Amino acid sequence: EAQVTQNPRYLITVTGKKLTVTCSQNMNHEYMSWYRQDPGLGLRQIYYSMNVEVTDKGDVPEGYKVSRKEKRNFPLILESPSPNQTSLYFCASRDRDSPRELFFGEGSRLTVL
Amino acid sequence: GQQVMQIPQYQHVQEGEDFTTYCNSSTTLSNIQWYKQRPGGHPVFLIQLVKSGEVKKQKRLTFQFGEAKKNSSLHITATQTTDVGTYFCAGPPNTGFQKLVFGTGTRLLVSP
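Protein chains in written order, with the working numbering: chain A, 14 to 126; chain B, 763 to 874.
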């Protein structure tokens, strides 16, 4: 089954404690992206990757890091989480050259105390 | 930067009533996509429109792309409780497909 898998689905952490949200897709997609969803603001892009070892900032990259060492994985790293990073995070992927649909993961709800 | 706004932010209708959400971009879009997110779920692709003035239908849903490629609309005829969710438009600027900018979303609630 074609899917994008995120872990953890839910996480409560404290300010400053580094965490990583993993994302893996099994569709051989070149393009992967991270979004955060906040009430009234829709989905805002954090980082995206056009292919292995190629990453670029989205609209709200501050406080986040990503890496793309393998085609299927695109982890999101919060080196020192802060309360304003409390949000619902989605990973998504698609074919790089096809301006068509994004396939989303189930989402990861993060709370930073 | 590019901004995509949707109105209304929220709408509550009775089952059987029609519903429309409007999407407006600050810049010209190369195409427009629509997604639906059920409560507690993730966004799921509905459709893509590419041509200026294009209209597409999916059963009770009608999607339209504006002539200037800066706005779009989604109309649902005779809503059903299964239509509940948040509807997002999304579009890449003409400069490239990698930055798919999502609208602010319209949350639809349908009462039986």
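The beta carbon of each residue, even a glycine, is placed where N, CA and C say it ideally should be. Here the structure is a predicted model, which means the values were calculated and not measured.
Exercise for the section: Name the residue from B:His774, B:Thr782, B:Val806 whose alpha carbon lies nearest to the alpha carbon of Ala105 of chain A. Expected result: B:Val806
Practice task
Please classify Asn790 of chain B: does DSSP put it in a helix, a strand, or coil?
Solution key: Inspection of the sequence shows that residue 790 of chain B is occupied by Thr rather than by Asn. Reduced to three states, the DSSP call for Thr790 of chain B is coil.
Exercise for the section: From the DSSP output, in three-state form, read off Gln98 of chain A for me. Expected result: helix
Problem - Separation of Arg869 of chain B from Lys832 of chain B, as counted between CA atoms - result: 21 Å
Handout entry: Reduced DSSP secondary structure (H/G/I, E/B, other) of Asp780 of chain B
Key = coil
Handout entry: Straight-line Cα distance separating Gly802 of chain B from Asn41 of chain A
Key = 27 Å
Problem - Buried versus exposed, by CB contacts within 10 Å (16 or more), Lys82 of chain A - result: exposed
Problem - Proximal residues, the stretch 49-79 of chain A versus chain B, C-beta separation under 8 Å - result: Gly53, Leu54, Gly55, Leu56, Arg57, Gln58, Tyr61, Met63, Asp69, Gly71, Asp72
Exercise for the section: Could you have a look at Asp72 of chain A and say whether DSSP puts it in helix, strand or coil? Expected result: coil
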